[in-house]
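As C-alpha cells, the structure follows; a few thoughts come after it.
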C-alpha cells in the first residue's frame, strides 16, 4: 500500500527575497482530502505560499515536513501556473509527456492522452502545436497535463484569472472530478464566486501571513476579520 503524502506540516516557515519577508512565519498543517482555497489581496503571499509548498521557493527559516520523504512527495504533486506553460510540441505530446517521464509505455501514455483530450474537449486538436492554442485551451491542457498522472496534490495559482465563463466552468468541473478521485486541491483565486463553489476550507492571507482560516461555509457566512469582510464585500483591501 502506498503511503499518502499528506498531511504536510509547516513549522515556523519564512521566505524572504532581497531582505523583504514575503511569507511567514507560518505554522500550519494541511490535511488530506478536500479543496483548500487561498484568498487575499494582490501581494498578500498566496502565490509564494503555493510555490513554497511545492518546493519552488527556498526557505530562509523553518521546515516543511511531508508524510513521506520529500523526494517521494515531490514526485506525486503538480503545479498549474496562472499563465500556462506549453511545451513546443503537439497537444498529444504535451499530454503524454508526464507519463513517459514516469516510466509508462508509449502506448499507455498515448491512450491516456487520447482519453484526457476527449475529457477537455481537445480530441480534434491532438496534432495541433500547443503554443498556438487559445488561452482557455492552453489552461485546460495545462490542467489535464497536471492531472494525467493522478497526483496526490495539485497546486493551482489563479488558473481561471484570464478565462471566459465557459472555460472557467469546464475547468471547475475537471477539478471537482479530480477531487472526487482523491486528488487534494490547493488553489488561489480572487473570484469569490469560484471560491464559494469549490472550497471546503479557506486560508486568508495578508502581508505574507494567514490571518484567518477555517471551514468555507463559516468563512463566507461570517468572516472573523475586517480584511476578509472587506474582500467579500468587494472593497479594496490593503
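Numbering (the numbering used here), first residue to last: 44 to 281.
Idealized CB from N, CA, C, for every residue including glycine.
Values in this document were obtained by computation on a predicted structure and should not be read as measured data.
Would you check if the distance between the CB atom of residue 124 and the CB atom of residue 200 is smaller than 7 Å? yes
Unbroken beta strand (DSSP E) run spanning residue 252, endpoints: 252 to 258
Suppose you measure from the CA of residue 279 to the CA of residue 169; what does that come to, to the nearest Å? 43 Å
According to the Cβ coordinates, are residue 110 and residue 48 closer than 7 Å? yes
Could you pull out every unbroken alpha helix (DSSP H) segment of at least 4 residues lying fully inside the stretch 140 to 190, listed in chain order? 149 to 162, 178 to 190
CA-CA distance, residue 53 and residue 79? 15 Å
Nearest to residue 238 by alpha carbon, out of 77, 185, 46, 73? 77
From 155, 210, 84, 196, pick the residue whose C-alpha is nearest to that of residue 115; which is it? 196
In chain order, which continuous runs of the beta strand (DSSP E) of length 3 or greater are located wholly inside the stretch 186 to 256? 196 to 200, 227 to 231, 244 to 249
I want to know whether the stretch 200 to 218 touches the stretch 58 to 73 - three or more CB-CB distances under 8 Å. no
So the beta strand (DSSP E) residue 59 belongs to, where does it begin and stop? 51 to 60
Please confirm if the stretch 238 to 249 is in contact with the stretch 82 to 94, defined as three or more CB-CB distances below 8 Å between the two stretches. yes
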